[in-house]
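2 protein chains.
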Amino acid sequence: MSILLRPTIADVARHAGVSTATVSRVLNATGPVEEATARRVRASIETLHYIPHAAARTLASRRTNTLGLLLPEIGGAFFQPMLRGVETAASEAGYDLLIHTTRNPGAAIARRPLAEHNTDGLLVFTDSLDARELTRLFRSGFPVVLLHQTPPRGVQIPAVTVENQSGARSIVNHLIEVHHRRRILYLQGPEGHEDSEWREKGYREALKAHAILFDPALVRRGGFNREEARLEMEQLLLEGVEFDAVFTGDDDAAVGVIQGLRHAGIMVPGAVSVVGFDDQVFSSTLVPPLTTVRAPTEEVGRAAVRQLVRRIRGEAVEPRLVLPTALVLRESCGCKPA
Amino acid sequence: MSILLRPTIADVARHAGVSTATVSRVLNATGPVEEATARRVRASIETLHYIPHAAARTLASRRTNTLGLLLPEIGGAFFQPMLRGVETAASEAGYDLLIHTTRNPGAAIARRPLAEHNTDGLLVFTDSLDARELTRLFRSGFPVVLLHQTPPRGVQIPAVTVENQSGARSIVNHLIEVHHRRRILYLQGPEGHEDSEWREKGYREALKAHAILFDPALVRRGGFNREEARLEMEQLLLEGVEFDAVFTGDDDAAVGVIQGLRHAGIMVPGAVSVVGFDDQVFSSTLVPPLTTVRAPTEEVGRAAVRQLVRRIRGEAVEPRLVLPTALVLRESCGCKPA
DNA sequence: TATACTTATGTAAGCGCTTACAGTAAACGC
DNA sequence: GCGTTTACTGTAAGCGCTTACATAAGTATA
Chain C
956 MSILLRPTIA DVARHAGVST ATVSRVLNAT GPVEEATARR VRASIETLHY IPHAAARTLA
1016 SRRTNTLGLL LPEIGGAFFQ PMLRGVETAA SEAGYDLLIH TTRNPGAAIA RRPLAEHNTD
1076 GLLVFTDSLD ARELTRLFRS GFPVVLLHQT PPRGVQIPAV TVENQSGARS IVNHLIEVHH
1136 RRRILYLQGP EGHEDSEWRE KGYREALKAH AILFDPALVR RGGFNREEAR LEMEQLLLEG
1196 VEFDAVFTGD DDAAVGVIQG LRHAGIMVPG AVSVVGFDDQ VFSSTLVPPL TTVRAPTEEV
1256 GRAAVRQLVR RIRGEAVEPR LVLPTALVLR ESCGCKPA
Chain P
956 MSILLRPTIA DVARHAGVST ATVSRVLNAT GPVEEATARR VRASIETLHY IPHAAARTLA
1016 SRRTNTLGLL LPEIGGAFFQ PMLRGVETAA SEAGYDLLIH TTRNPGAAIA RRPLAEHNTD
1076 GLLVFTDSLD ARELTRLFRS GFPVVLLHQT PPRGVQIPAV TVENQSGARS IVNHLIEVHH
1136 RRRILYLQGP EGHEDSEWRE KGYREALKAH AILFDPALVR RGGFNREEAR LEMEQLLLEG
1196 VEFDAVFTGD DDAAVGVIQG LRHAGIMVPG AVSVVGFDDQ VFSSTLVPPL TTVRAPTEEV
1256 GRAAVRQLVR RIRGEAVEPR LVLPTALVLR ESCGCKPA
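Residue numbers (this note's numbering), protein chains in the order written: chain C, 956 to 1293; chain P, 956 to 1293.
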């Protein structure tokens, strides 16, 4: 055990010949202190190597200075840029970052306290918390911001997401208009994944706009996941479903699709165009380079933190922030290299 | 502001008709409580929706139940599996996880308190903290575990890393013995990156074992980074340096190297073998599939947490844990698909 | 000069827990 | 039957801060 007897604010006060209140004031700039006094206090802090005790501060001030990030899991190419955005923004705003996955069996319930007491606010990523829990949090007035998720009915929790629908629409439009594809497969994300649903809407809109009949046989589940997508492709090929393009739902799935197709000897994009969504870091280096929709994932993380911080401060926040996406044309759709 | 008047332990005690001490005892199983009493207390907790206040607990018990993770940055394919390992293990051990990057200018100094007071122990990843700071931490007796880094001289901080040297040696051996490569380039990681130095040692050993003279012109900096590696390849090609294989130091750099080579019309692995290190998630899907050394990154994260927790508990820990790596043969070295 | 601020500082009451310590009653040993 | 444990519970003293409130001295206002 490391029972380190660290100096307390009282030690600093004594050393500087002032009261603890004054030390606290120079520490937090929370009241007037004569410059000479402040200097003396700062010097004492320095020489004693004093570091304020976070918990004591929290207890007394009722602020934790910590933000919680709730995720279903740590995985997916998605995760990294988002976390980077969150971490940067949190740090800039002077908050610590507590991370928690909710799929952690066992720990999940026991560690509920992440909310409410350990943090000043919560960032909740897609599907980390069920509607009941979200409702409870909302009712309690605890600051929460949702990422890539719409709150349940009647629950006014601010959300940050990206333009899924229009992004999907424009990439499918591209497939139809430029590459004359007509039988376009859509690979859905995991069951109930909200991004996937919006993307599917965009997909349908694009078809409709070009008078292509929606064929339910062309919508399958790819799980936003390399492996699952590859298996699904093999299954499709086995079933003899005909298609001339695949909108894979996300870039991870695109990797699996391209693998599956290549394995079956089908040329991409010669015979089948393949396009994704997100523009993840590896997408430009795939063979062929992947045409996709760029999603500002890191910015989502930043924006969510900004919203949460404003929410914590009691300032007004956008009920819903939808960040723009952009079509990124590369070669997997059939476009030629520049 | 959300001034939520949450129930305190006193409320629970009153409601259950016991003292706060008894409530605390059933909460922490820290003393004998009659089963009937305990049941009553648990019922009160339930009906009042009582959640213990973490900071108050910390202040009183002098334990934060939180582990800190210090990183230079959130990036690199490396990061994700490691974080997953850390998060899982921390959660399993009943600890929260506080994340901090140290390259965050400005915030860095102000938020020093991450150590010592906010956490029970610190996980420090390569180059997040300088030797002075590490020494200070060590002297103070604060529990720290290093990841992929050797502590400064005289500082006995336990470390967890992987078999860099033998992994590198075996993959270079493979290049020499199986594919008869003789002029093998080594791309170093970032300046002062310890993993890179060990890998270089392994590289040299393999050369020596096969009586190949070490040529300093064949060691260049690739930065463990896609872009930097690609640029370096272009530079090398421009300089006309001759080589028949590249050991890229890590898989990320391999991507850049393959790109650079392909761009110059050089066949991989026909003309030049390319091999990496780490076996990151994308490595098997590169074209050609990358031969590399598998590093148990997630396990490093787990192991580090386990060490740290034991350190916190005052139990004995391994001064240095070196996890095994394994050669993964795919096609980029010249091997044929199975 | 009296009045009212303003500025700088101190005093002390908590914040919500944990945990020695003490107390009581029942069980035990001989 | 009496001293000892043992099992359970309560009392209360902090843990290290923040922050109303009080105080004192200087400054401006009338």
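All C-beta atoms in this analysis are idealised placements derived from N, C-alpha and C, irrespective of residue type, glycine included. Remember, predicted model here, so these are calculated numbers, not experimental data.
Within the segment 1176-1257 of chain C, complete beta strand (DSSP E) segments of at least 3 residues are found at 1200-1202, 1228-1230, 1247-1249, given in chain order. For the segment 1081-1161 of chain P, the continuous alpha helix (DSSP H) assignments of 4+ residues that do not extend past its boundaries occur at 1086-1095, 1119-1132, in sequence order.
Closest in C-alpha terms to residue 1166 of chain P, from the list P:1133, P:1137, P:1087, P:998, comes P:1137. For residue 1053 of chain P, the nearest beta carbon of chain C is closer than 8 Å to its own beta carbon. For residue 1275 of chain P, the pairing in a beta bridge is given by DSSP as P:1114.
With contacts defined by Cβ atoms closer than 8 Å, residue 1078 of chain P and residue 1038 of chain P do not form a contacting pair. For residue 1283 of chain C, the enclosing beta strand (DSSP E) starts and ends at 1281-1283. Of all residues in the segment 1026-1042 of chain C, the ones placed with a Cβ closer than 7 Å to any Cβ belonging to chain P are 1029, 1030, 1034, 1035, 1038, 1039, 1042, in chain order. By the beta-carbon neighbour count (other beta carbons within 10 angstroms, threshold 16), residue 1128 of chain P is buried.
In the DSSP assignment, the residues bridged to residue 1051 of chain P are P:1021. The beta carbon of residue 1214 of chain P sits closer than 8 Å to some beta carbon of chain C. Rounded to whole angstroms, residue 993 of chain C and residue 1003 of chain C show a C-alpha spacing of 15 Å. DSSP places residue 1168 of chain P in the coil class of the three-state scheme, outside both helix and strand. The DSSP-derived three-state label of residue 1174 of chain P is strand.
Residues are counted here when their Cβ sits less than 9 Å from a Cβ of chain C; for the segment 1273-1286 of chain P the count is zero.
Per DSSP, the continuous alpha helix (DSSP H) segment holding residue 965 of chain P begins and ends at 964-971. Per the DSSP secondary-structure output, residue 1026 of chain C pairs in a beta bridge with C:1056.
If you check the CB distance, residue 1293 of chain P and residue 1115 of chain P do not come in under 8 Å. Not a single C-beta of chain C is nearer than 8 Å to the C-beta of residue 1090 of chain P. In this structure, the straight-line span from the alpha carbon of residue 1248 of chain P to that of residue 1176 of chain P is close to 19 Å. Contact between residue 1102 of chain P and residue 1277 of chain P fails: their C-beta atoms lie close to 12 Å from each other, not under 8 Å.
For residue 1000 of chain P, the uninterrupted alpha helix (DSSP H) segment begins and ends at 990-1003.
Just measuring C-alpha positions, the residue of C:1008, C:1152, C:1046 sitting nearest residue 1260 of chain C is C:1046. Scanning chain C for C-beta atoms nearer than 9 Å to the C-beta of residue 1240 of chain P yields 1181, 1210, 1211, 1213, 1214, 1237, 1241, reported in chain order. Per DSSP, residue 983 of chain P is one residue of the alpha helix (DSSP H) stretching across 975-983. Its chain contains 1025, 1026, 1027, 1057 as the residues whose beta carbon lies nearer than 6 Å to that of residue 1083 of chain P, once the 5 sequence neighbours on both sides are disregarded; these appear in chain order. Interface flag for residue 1046 of chain C against chain P is set, since a Cβ pair is found closer than 8 Å. Counting the other CB atoms within 10 Å of its CB gives residue 1010 of chain C a total of 16 or more, which places it among the buried residues. DSSP places residue 1013 of chain C inside the alpha helix (DSSP H), whose first and last residues are 1009-1016.
Within the same chain, 1211 come within 7 Å of residue 1182 of chain P by CB-CB distance, once the 5 residues on both sides are set aside.
Contact of residue 1203 of chain P with chain C is not assigned, every C-beta pair being separated by 8 Å or more. Residues of the segment 1244-1278 of chain C with a C-beta less than 7 Å from any C-beta of chain P: 1269, listed in chain order.
Note: residue 1076 of chain C is bridge-paired with C:1022 in the DSSP secondary-structure output. Between residue 983 of chain C and residue 1153 of chain C, the alpha-carbon positions lie close to 46 Å from each other.
DSSP, reduced to helix, strand and coil, places residue 1267 of chain C within a helical segment of the structure shown.
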